[in-house]
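Colleague: Be aware that the sequence shown starts at 1, since it is given in the UniProt record's numbering, and climbs by one per residue. Positions of the beta carbon are idealized from the N, C-alpha and C atoms, including for glycine.
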Amino acid sequence: MLDVRGLKKVYEGSGRRIEAVRDLTFSVAAGELVCLVGPSGCGKTTLLKCVGGLLEPTAGEVFLAGRKVDGPPPGTAFVFQEYGRSLFPWMRVGANVGLPLRRKGLSAARRRVLVADALESVGLADAAGAHPWQLSGGMQQRVAIARALAYEPDVLLMDEPFAAVDAQTRADLEDLVRRLWRERSMTVLFVTHDIDEAVYLGERVIVLSASPTVVREQLRVDLPRERDQSATRAAPRFAELRTHVYGLIQAAKRGTAPAARDAAVDLGKDSPPVR
Ligand SMILES: Nc1ncnc2c1ncn2[C@@H]1O[C@H](COP(=O)(O)OP(=O)(O)OP(=O)(O)O)[C@@H](O)[C@H]1O
């Protein structure tokens, strides 16, 4: 579905040259929910923008459903971290959610159905007439998710979408993403710097190195498909996986290989190979 091959991104300008992403290669299968996790500043946002066609790679290529990405691909929706900036404050919630649908050339009646359905999916059926600033941060982020859903994307790209909400709201939104992923059979690429969030949400976790970024390891999350904030996070396997990823991230920050004991943990034997 999604193929990232030899992706490199160098920012140049004002006499500075920053190699944000060095050489990234990985694939995401159709209908997979994959979390990308890495140290702060390792180029996660840069990578996601390249995948979403918002930024041109310096080298390498991104393919989506077999087509090379050279601009925002149809069928792809973004949810960003900064919901406050991604919703238009002067537009009501329903209008915000329906805005991208205008590009699809749908009838007004069909747009109304999609907007209502998306708001219902995120538990905000009653909020269509409100302005974003009348809602809490968590509700605003649910509006941003509804806007992405209304577009009926095949691929949902999420860039640290819950970084700015409180812990309880975050847990609810994590469960919302897993539910919507299952119900709508979307491919989801979810970027986070939060290790627990990556392991809780993902069917697979791709761990990135520090910048300039490469894939450090990929591991399959062999937790039950039905996840629960209490039971899953208390499971020994959850602890094992998060400890392993934590070790990788710490080693990435130091620029060293992970400790031998940690590397020996039986993890991700069925993971796709890192190419
Ligand atoms: N437009 C830009 N111009 C120049 N440098 C940039 C630009 N955007 C990002 N960078 C640099 O590229 C590197 C990676 O940044 P990026 O935002 O992609 O990382 P990140 O992993 O998403 O960060 P964080 O975890 O803090 O959100 C950083 O060194 C950053 O300063």
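Are the CB atoms of Q134 and V165 within a distance shorter than 8 angstroms?
Modeller: no
Colleague: For W181, which residues in the same chain have their Cβ closer than 6 angstroms to its Cβ, ignoring the five residues on either side in sequence?
Modeller: L33 and V188
Colleague: Hey, is G123's beta-carbon within less than 8 angstroms of any beta-carbon in chain E?
Modeller: No chain E appears in the structure shown, which is made up of a single protein chain.
Colleague: Tell me the rounded alpha-carbon separation between F162 and V177.
Modeller: 11 angstroms
Colleague: Just mark A264 as buried or exposed, buried being the case when its beta carbon has 16 or more other beta carbons within 10 Å.
Modeller: Caution applies to A264, whose pLDDT of 36 falls short of 50 and renders its modelled position unreliable; the value that the coordinates give is listed next. Its Cβ having fewer than 16 others within 10 Å, A264 is exposed.
Colleague: Quick one, are the C-beta atoms of L36 and K44 less than 8 angstroms apart?
Modeller: yes
Colleague: Just to confirm before moving on: does the CB-CB distance between D154 and G75 stay below 8 angstroms?
Modeller: yes
Colleague: Can you tell me the Cα-Cα spacing of A65 and L101, whole angstroms?
Modeller: Each residue's alpha carbon lies about 22 angstroms from the other.
Colleague: Tell me, please, which residues DSSP counts as bridged to T76.
Modeller: V155
Colleague: Please report the straight-line C-alpha distance between T58 and K8, rounded to a whole angstrom.
Modeller: 5 angstroms
Colleague: Anyone know if the C-beta pair for residue 342 and G38 falls short of 8 angstroms?
Modeller: The chain is shown from 1 up to 275; residue 342 falls before or after that span and cannot be answered.
Colleague: Assuming the contact rule is C-beta atoms closer than 8 angstroms, R216 and L241 should be a hit. Round their C-beta distance to whole Å, please.
Modeller: About 15 angstroms separates the two Cβ atoms, so there is no contact after all.
Colleague: On a CA-only basis, which of D196, A167, L149 and H193 is nearest E183? Give me that one, please.
Modeller: The option with the nearest alpha carbon to E183 is L149.
Colleague: A127 and M139 - do their beta-carbons sit closer together than 8 angstroms?
Modeller: In terms of Cβ geometry, M139 and A127 form a close pair [threshold 8 angstroms].
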